[in-house]
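S.K.: Each protein sequence line maps, in turn, to chains A and B. Counting from 1, position 22 in the first sequence corresponds to residue 22 in the numbering used here; the numbering is continuous, with no gaps. Every number in the numbering used here is 1000 more than the matching position in the second sequence, counting from 1.
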Amino acid sequence: MDEVFAEGLSPIHRLDPRVKVVIAAAFSVVVALAEDFAVLLLAIPFPLVLIALARLNPKAVLKRLLVVNTFVLFLWFLIPLGFRGGELLSLGVLNLSKEGVIWCLRITLKSNAIVLGSIALLSTTPIFSLVHAMRHLRMPDKLVHLLFFCFRYVHVIEREYGRLLKAMKVRAFEPRSDLHTYRSYAYLVGTLLLKSSDRSRRVYQAMICRGFEGKYWVLDHFSLRRGDVVAFSLMAAWVLWLGVLQWGGIR
Amino acid sequence: MHISEGVLSAPVLAAGASLSAAGVALGLKKTPYEKIPQVGLFSSAFFVASLIHVPLGPTSVHLVLNGLVGLILGWAAFPAILVGLLLQALLFQFGGITTLGVNTFDMAFPALLSFWIFGPLVRSESQRVALLGAFLAGALAILSAGLLVASALSLTGEAFRYAAKAVVLAHLPVMGVEGILTAFSVAFLRKVRPEMLGGSR
């Protein structure tokens, strides 16, 4: 649950998080809606350039891609079956239709492009900075604070879970497919919920003690440097170019 | 199960986003400020719970527990699930910005249904009714999540016919596990902290 790519001194890591959030969102939406293969092929290099600039560990990036591609692989098995006619290859009951393969190729490109984009722009930012940026980008206050609390305590609760599990193992708990196992896990979950509820009460009381009046103040503000503006313009131009290629009617 | 980025069509993505936006807005409205830390910590707890793998025959499944989320959080399930999924997208790139709406709705709407339908049963005097209600809440929340994922896929295109069927089939064995887990969790909470099953109205 660590933020593997968040630390770094590269130009990408130092970019204003607001710029990153806006570009990542725009890029994802454009790629998710694009249909044209030329556009999708031009979309892939965009995050690759950013990842190279951010000097991320290529092995770690590939590992992240593995997860999406297992879902994509599942579609590769099932989509070509959904089409009738136009077989490229026929192996008894297995029909590999041309149209199905085109669908799968398009989905593969889109998924990988978007995931790469979010690795390049979002994973290279600490989550607290992203939450902060969302606050500045006018996301509803309550939602921002919910996100803040959830991320602030997720590691605390994970450690709590680790302790409870250790206590169970010390008492010779061994997971099997039986009712005893399920009951034990359910009590574990129940205990986690209980502890979270109690902790949230303590957190809230501590906030009240420090003068919380139902409003959170943002103390430090981001400042847009010239480099941020230049980077924003370059990235926005690339995303815009993809959009124009897809929908601008220019061929 | 999450739908990855780049799979669904524009109308499906837009429908999911607007339905979830409405659900989240209502959920936030019904959650007073002093409850925000509690809902936030419940999101973290359910996030951690979803990392637990329980054995099921020769394989193992990870917990979802969206039925239990609904029973405990009521309307706040929408923002809580959104936040959990957003965190998952940021930390592991499971799902993402454009599918956040669809994925949130697929999980949160069944949660809300179990709150409406089974909430009163779970709070009943009779232990047997409560456990049966909790089992059904857990099992049906998973089934409906599976059906919603499948319909998001089928609405995107005829091509997803088999993928949609496979998704529903994959959810069937999980139903039993989730039903049992939810029933035992409810039994536990009824014993130690019954007011937690009140939900937020």
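We put the beta carbon where it would ideally sit given N, CA and C, even for glycine. Being a predicted model, the structure only gives us computed values, none of them experimental.
#1: By the 7 angstroms beta-carbon criterion, what residues does the stretch 183-202 of chain A contribute toward chain B?
#2: Counting only beta-carbon atoms, is B/Gly1160 nearer than 8 angstroms to chain A?
#3: At the level of alpha carbons, what is the spacing between A/Glu158 and A/Ala186?
#4: Our contact map puts A/Gly190 next to B/Phe1188 with C-beta atoms below 8 angstroms; I'd like the distance itself, whole angstroms only.
#5: To the nearest angstrom, how far is the alpha carbon of A/Val170 from that of A/Arg163?
#6: Would you say B/Val1122 and B/Ala1141 are within 8 angstroms of each other, going by their C-beta atoms?
#7: With 16 as the cutoff for other CB atoms within 10 Å, does A/Glu160 come out buried or exposed?
#8: Can you name, in chain order, every residue of its own chain whose Cβ lies under 7 angstroms from the Cβ of B/Val1102, other than the five neighbours on each side?
#9: Given a threshold of 16 other Cβ atoms within 10 Å of its Cβ, counted over all protein chains shown, does B/Gln1088 qualify as buried or as exposed?
#10: Leaving out five residues before and five after B/Phe1109 in sequence, what residues of the same chain have Cβ atoms less than 8 angstroms from its Cβ?
#11: Evaluate A/Gly155 with the Cβ neighbour count: other Cβ atoms within 10 Å of its Cβ, from every protein chain shown; 16 or more gives buried, anything less gives exposed.
#12: Could you name the residues of chain B that A/Phe158 contacts, counting a contact when the two beta carbons are closer than 9 angstroms?
#13: Could you spell out the range, first to last residue, of the alpha helix (DSSP H) harbouring B/His1002?
#14: Can you list, in chain order, the residues of the stretch 1084-1103 of chain B whose Cβ is nearer than 9 angstroms to any Cβ on chain A?
#15: Strictly under 8 angstroms for the Cβ-Cβ distance: is A/Ala25 near chain B by that measure?
#16: Taking one C-beta from the stretch 17-27 of chain A and one from the stretch 1065-1085 of chain B each time, how about it: are there three or more such pairs within less than 8 angstroms?
#17: With a 10 Å radius around its C-beta and 16 neighbouring C-beta atoms as the bar for buried, classify B/Gln1093 as buried or exposed.
#18: If you follow the beta strand (DSSP E) that B/Val1054 is part of, which residue opens it and which one closes it?
#19: Check the Cβ-Cβ distances between A/Ser177 and every residue of chain B, and say whether any is below 8 angstroms.
#20: Assuming A/Phe151 and A/Val131 are in contact, meaning their beta carbons sit under 8 angstroms apart, how far apart are those beta carbons, in whole angstroms?
#21: What residue from A/Leu56, A/Phe212 and A/Lys142 has the CA that sits closest to A/Leu9's CA?
#22: Which residue marks the beginning of the alpha helix (DSSP H) containing B/His1171, and which one marks its end?
#23: Can you give me the C-alpha to C-alpha distance between B/Leu1132 and B/Ser1185, rounded to a whole angstrom?
#24: Pick helix, strand or coil for A/His221, following the three-state DSSP scheme.
#25: Taking the continuous beta strand (DSSP E) assigned at B/Ser1060, which residues delimit it?
#26: I think A/Arg106 touches A/Leu40, with their Cβ atoms under 8 angstroms apart; what is that distance to the nearest whole Å?
#27: Should A/Ser233 be labelled buried (16 or more other beta-carbon atoms within 10 Å of its own) or exposed?
#28: Using only the alpha-carbon positions, how far apart do B/Thr1098 and B/Gln1127 sit?
#29: With 8 angstroms as the threshold, decide whether the Cβ of B/Gly1199 is near any Cβ in chain A.
#30: Show which residues of chain B have a CB atom less than 8 angstroms away from the CB atom of A/Lys142.
#31: Using the DSSP secondary-structure output, state which residues sit across from B/Ser1009 in a beta bridge.
#32: My guess is that B/Ile1072 and B/Phe1105 are in contact by the Cβ rule of under 8 angstroms, so how many angstroms apart are they, rounded?
#33: Looking only at its chain, what residues have a beta carbon closer than 6 angstroms to the beta carbon of B/Met1107, apart from the 5 residues adjacent to it on each side?
M.R.: Inspection of the coordinates gives the following:
#1: Arg183, Tyr185, Ala186, Tyr187, Val189, Gly190, Leu192, Leu193, Leu194, Ser196, Ser197, Arg199 and Ser200
#2: The residue labelled residue 1160 of chain B in the question sits at position 160 within the second sequence. Note that residue 1160 of chain B corresponds to Phe in the displayed sequence, not to Gly. True, the Cβ-Cβ gap to chain A drops below 8 angstroms.
#3: Residue 158 of chain A sits at position 158 when you count from the first residue of the first sequence. Residue 186 of chain A sits at position 186 when you count from the first residue of the first sequence. Rounded to whole angstroms, A/Glu158 to A/Ala186 spans 16 angstroms at the Cα level.
#4: Residue 190 of chain A sits at position 190 when you count from the first residue of the first sequence. Residue 1188 of chain B sits at position 188 when you count from the first residue of the second sequence. Correct: roughly 4 angstroms between the Cβ atoms.
#5: For the purposes of this step, residue 170 of chain A is identified with residue 170 of the first sequence, where counting begins at 1. For the purposes of this step, residue 163 of chain A is identified with residue 163 of the first sequence, where counting begins at 1. About 11 angstroms.
#6: In the second sequence, counting from the first residue as 1, residue 1122 of chain B sits at position 122. In the second sequence, counting from the first residue as 1, residue 1141 of chain B sits at position 141. No, they are not a contact pair.
#7: In the first sequence, residue 160 of chain A corresponds to position 160, counting from 1. Buried, by the Cβ-count rule.
#8: Your numbering for residue 1102 of chain B matches position 102 in the second sequence. Correct list, in chain order: Ile1003, Leu1008, Val1012, Leu1013, Gly1016 and Ala1152.
#9: Position 88 of the second sequence, counted from the first residue, corresponds to residue 1088 of chain B. B/Gln1088 comes out buried.
#10: Position 109 of the second sequence, counting from 1, holds the residue named residue 1109 of chain B. Contacts found: Leu1019, Gly1023, Ser1144 and Leu1148.
#11: Residue numbering aside, residue 155 of chain A sits at position 155 when the first sequence is read from its first letter. Reading off the sequence shown, one finds His at residue 155 of chain A, where the question assumed Gly. Under this definition A/His155 is an exposed residue.
#12: Position 158 of the first sequence, counting from 1, holds the residue named residue 158 of chain A. Note on residue identity: the sequence assigns Glu, not Phe, to residue 158 of chain A. Under the 9 angstroms cutoff, chain B gives Ser1044, Phe1047, Val1048 and Leu1051.
#13: Taking the first residue of the second sequence as position 1, residue 1002 of chain B is located at position 2. Per DSSP, B/His1002 belongs to no alpha helix (DSSP H) and is neither H nor E.
#14: Gly1084, Leu1086, Leu1087, Ala1089, Leu1090, Leu1091, Phe1092, Gln1093, Phe1094, Gly1096, Ile1097, Thr1098 and Thr1099
#15: Counting from one through the first sequence, the residue named residue 25 of chain A turns up at place 25. Yes, its Cβ sits closer than 8 angstroms to a Cβ of chain B.
#16: no
#17: In the second sequence, counting from the first residue as 1, residue 1093 of chain B sits at position 93. That one is buried.
#18: Mapped onto the second sequence, residue 1054 of chain B falls at position 54. Where B/Val1054 is concerned, the enclosing beta strand (DSSP E) stretches over His1053 to Leu1056.
#19: Walking along the first sequence from the start, residue 177 of chain A turns up at place 177. So, interface residue.
#20: The residue given as residue 151 of chain A occupies position 151 in the first sequence. The residue given as residue 131 of chain A occupies position 131 in the first sequence. Confirmed, about 7 angstroms.
#21: As a position in the first sequence, residue 9 of chain A is number 9, starting the count at 1. The option with the nearest alpha carbon to A/Leu9 is A/Leu56.
#22: Here residue 1171 of chain B refers to the residue found at position 171 of the second sequence. Element bounds for B/His1171: Arg1161 to Val1192.
#23: Residue 1132 of chain B sits at position 132 when you count from the first residue of the second sequence. Residue 1185 of chain B sits at position 185 when you count from the first residue of the second sequence. Approximately 12 angstroms between the Cα atoms of the pair.
#24: Numbered from 1 along the first sequence, position 221 holds the residue referred to as residue 221 of chain A. In the structure shown, A/His221 sits in coil (DSSP, three-state: anything other than H, G, I, E or B).
#25: Working through the second sequence from its first residue, we reach residue 1060 of chain B at position 60. From DSSP, the beta strand (DSSP E) with B/Ser1060 extends over Thr1059 to His1062.
#26: As a first step, residue 106 of chain A must be located in the first sequence, where it is residue number 106. As a first step, residue 40 of chain A must be located in the first sequence, where it is residue number 40. So it is a contact: roughly 7 angstroms between Cβ atoms.
#27: Counting from 1 along the first sequence, the entry for residue 233 of chain A is found at position 233. Exposed: under 16 other Cβ atoms inside 10 Å.
#28: Residue mapping note: residue 1098 of chain B aligns to position 98 of the second sequence, counting from 1. Residue mapping note: residue 1127 of chain B aligns to position 127 of the second sequence, counting from 1. Going by the C-alpha atoms only, they are around 43 angstroms apart.
#29: Translated into the one-based positions of the second sequence, residue 1199 of chain B becomes position 199. Unreliable positioning characterises B/Gly1199 in this predicted model, as indicated by a pLDDT of 49, which lies under 50. The coordinate reading is nonetheless provided below. Taking Cβ atoms only, chain A never reaches closer than 8 angstroms to B/Gly1199, which makes this a no.
#30: Within the first sequence, residue 142 of chain A is the residue found at index 142, counting from 1. Neighbours of A/Lys142 on chain B, chain order: Leu1028, Thr1031, Tyr1033, Ile1036 and Pro1079.
#31: Mapped onto the second sequence, residue 1009 of chain B falls at position 9. In DSSP, B/Ser1009 forms no bridge with anything.
#32: What you label residue 1072 of chain B is simply residue 72 of the second sequence in a count that begins at 1. What you label residue 1105 of chain B is simply residue 105 of the second sequence in a count that begins at 1. Incorrect: roughly 19 angstroms between the Cβ atoms, too far for contact.
#33: Within the second sequence, residue 1107 of chain B is the residue found at index 107, counting from 1. So the list reads Asn1066, Ile1081 and Ala1145, once near-sequence residues are dropped.
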